[in-house]
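See structure below.
In the UniProt record's numbering, the protein residues as written are 1 to 299.
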């Protein structure tokens, strides 16, 4: 894949500095150098110590990513919300992990996306997950289709300009919910469990903002925006508030309502396209199992 820019600044600068400002890391430069890529200025091959001057045309040829045999592609249809040559956004179903692990080496979203890439015969076969979801959480998942796009989207994550919004059904102490609230409680591992987290002063910073959308007799619908991305953050924070997610048995959610998974759905992604500069706002409605609870609550 090739990318081209015009150097328009007034002062001369090293090609290396220019590329760093474009988000090309040392690691990516190494791949370009040793795996068949090229750096050109005005059509001529140059190295990173070349000095750019005004109106120089810089071209970067990034080598294809072959992929790893350890990740097996699976030909399972994807629900695609957005796709171009750089990014892929899919609607993840419940019950599917994001990535392989010891106890589920296959049957993950990564396997499905790899199978999709193989079926399309894409040049880049490495699966880059930008935003992952818990196994039983539904909704929007963002993938980068090559390493450069992944690096640029990770930068947006770190700067918190990639906005993720969720919808959740919560129960318990509904009086603890405000119309608009912010939960700021550090999160750390729970020493009694391999997977569970808890809140505590010695944990890492975690911030969750929420809006109360609808209240029903036994539960409420909330819209949530994450300002940090800790493991199980939403589940831990609402449990700490006394309002665990419906169906979340790990964190004390109401299991009597008949939902066998945590009632959590990634409903919106907002970000700037790393190459076109376009502002993207992608939305995904509640899945049938959660929408049913909203419909029943309104009766």
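We put the CB at the ideal spot given by N, CA and C, even for glycine. Just so we're clear, the structure is a prediction, and the values are computed from it rather than from any experiment.
- For residue 221, the enclosing beta strand (DSSP E) covers residues 220-226.
- For residue 91, the enclosing beta strand (DSSP E) begins and ends at 87-92.
- Counting of Cβ neighbours within 10 angstroms places residue 121 among the exposed residues, the total staying below 16.
- A distance below 8 Å between beta-carbons, with the five flanking residues on each side excluded, links residue 186 to the following residues of its chain, in chain order: 199, 200, 201, 202, 203, 204, 205, 206.
- DSSP, reduced to helix, strand and coil, places residue 117 within a helical segment of the structure shown.
- The beta carbons of residue 170 and residue 238 sit about 5 Å from each other, so the pair counts as a contact at 8 Å.
- Contact annotation: residue 248 and residue 230 have beta-carbon atoms that are not nearer than 8 Å.
- C-alpha of residue 228 to C-alpha of residue 71: approximately 29 Å in a straight line.
- Going by beta carbons, residue 37 and residue 61 fall inside the 8 Å limit.
- The Cβ-Cβ distance between residue 180 and residue 150 does not fall below 8 Å.
- The C-beta of residue 94 has 16 or more other C-beta atoms within 10 Å across all chains shown, which makes the residue buried.
- Taking the CA atoms as reference points, residue 3 sits about 9 Å from residue 275.
- Straight-line spacing of the CA atoms in residue 226 and residue 96 works out to 22 Å.
- Contact between the region 272-292 and the region 138-158 is present, with at least three C-beta pairs closer than 8 Å.
- Sequence-distant Cβ neighbours of residue 152 in its own chain, meaning closer than 6 Å and more than five residues away, are 23, 274.
- When C-alpha distances from residue 89 are compared across 138, 26, 288, the shortest belongs to 138.
- Three or more beta-carbon pairs separated by less than 8 Å link the region 52-59 to the region 8-20, which places the two stretches in contact.
- Comparing C-alpha distances from residue 222 to each of 191, 267, 232, 190 shows the shortest one belongs to 267.
- If the five residues before and after residue 65 are omitted, its C-beta is found closer than 7 Å to the C-beta atoms of 124, 125, 126, 146, 147, all from its own chain and listed in chain order.
- According to the DSSP assignment, residue 183 belongs to the beta strand (DSSP E) that extends over 180-184.
- Boundaries around residue 295 are those of the alpha helix (DSSP H), 288-297, since no beta strand (DSSP E) includes it.
- At the C-beta level, residue 41 and residue 57 come within 8 Å of one another.
- If you check the CB distance, residue 143 and residue 182 do not come in under 8 Å.
- The straight-line gap separating the alpha-carbon atoms of residue 110 and residue 82 is approximately 17 Å.
- Under the three-state reduction of DSSP, residue 152 is assigned to helix.
- Residue 290 and residue 243 do not touch by the CB rule: their CB atoms are close to 16 Å apart, not below 8 Å.
- Nearest Cα to residue 79 within the set 172, 118, 141, 212: 141.
- Annotation for residue 208: the continuous beta strand (DSSP E) segment containing it runs 207-215.
- Comparing alpha carbon positions, the residue from 288, 30, 194, 282 closest to residue 162 is 282.
- Put simply, of 195, 293, 219, 136 the residue whose alpha carbon is nearest the alpha carbon of residue 264 is 136.
- Ranked by how close their Cα comes to the Cα of residue 167, the residues 11, 10, 287, 29 have 287 in first place.
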